[in-house]
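Trainee: Please find one structure pasted underneath; my questions will follow.
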Amino acid sequence: MGVFFSYILLGLSLAAPIGPINAAQIDQGIKNGFLHSWAIGLGSIVADLFFILCVFFGVVHFLEIPFMKSFLWLFGAFVLFYTAFESFKGTKEIGIRELRSRESLKKTFTNGFLLAITNPLSILFWLGIYGSILADTIHRYNMAQVLLYGGAVLLGLMIWDVFMASVSSGFRKVLTPSLLRVISTLSGLSLLGFAVYFGFQAFQLLFGF
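The structure is reproduced here in structure tokens:
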């Protein structure tokens, strides 16, 4: 049981660092409430599950190709630029709920999935670091336990998803519209910063700087 909880803690540790997903969750929670923030995180968890399956099937070697790394950084930068643009566009709508139409939960879920599936940092982590963790787990435990502990990691991710959705939607209820706009703008700037970083990494790979 202690090992199971340690893998839940691992999932929490993976989700906690501030990154594109957390920034997008804060943005959605402030603008649209708990469900939309939760949907962003849920989309990212589905992407994480996809990465875990890729580790099982040994895709990690395919991503060592320089062209693939460059493509991942560039595509991730594009998705983040688009998400940041949407964030800035929606900031002015905070506080006028009756005049705006929310994007659907399906679209929000898809955005979360795309943010995670195109994030090279997530890809490199899951296929690299988690790959080594999985190799050690397979060596020490039987397949049933490996699947159980993989589920524990996903459970940790889900717990953090609910926590972030609760906190960000809670901000929406207690803060003034003007302050919410400031926080939402900062979230958008965070996404934009990650987009620039991703683009710079692609530039370095392509031109050898």
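All you need for this note's numbering is the position in the sequence shown, starting with 1, plus 345. Using N, Cα and C, we set each Cβ at its ideal position, and we do this for glycine too. Since the model is a prediction, treat every value here as computed from it, not as a measurement.
1. Assuming the contact rule is C-beta atoms closer than 8 Å, F543 and A422 should be a hit. Round their C-beta distance to whole Å, please.
2. E443 by DSSP, collapsed to three states: which one?
3. May I have the straight-line CA-CA distance separating E443 from M503, to the nearest angstrom?
4. For T453 versus A384, is the C-beta distance shorter than 7 Å?
5. Taking all protein chains shown into account, do 16 or more other C-beta atoms lie within 10 angstroms of the C-beta of I441, making it buried, or fewer, making it exposed?
6. Could you tell me the distance, in whole angstroms, from the CA atom of L348 to the CA atom of F401?
7. Enumerate in chain order the residues of its own chain whose CB-to-CB distance from L394 is below 8 Å, with the five nearest sequence positions on each side excluded.
8. Rounded to the nearest angstrom, what separates V527 and G538 at their Cα positions?
Mentor: So, to answer that:
1. Sure, about 4 Å apart at Cβ, within 8 Å.
2. Unreliable positioning characterises E443 in this predicted model, as indicated by a pLDDT of 39, which lies under 50. A coordinate reading is not provided.
3. Caution is warranted here: a pLDDT of 39 is assigned to E443, below 50, making its placement in the model unreliable, and no coordinate value can be reported.
4. Taking 7 Å as the Cβ cut-off, T453 and A384 qualify as a contacting pair.
5. Any reading at I441 needs caution, since the residue's pLDDT is 46, under 50, leaving its predicted position unreliable; the model's value is listed next. With fewer than 16 Cβ atoms within 10 Å of its Cβ, I441 is classed as exposed.
6. Looking at the sequence shown, residue 348 is not Leu but Val. For the pair V348 and F401, the Cα-to-Cα distance works out to about 20 Å.
7. So the qualifying residues of the chain are L499.
8. Near 16 Å, if we compare the C-alpha coordinates of G538 and V527.
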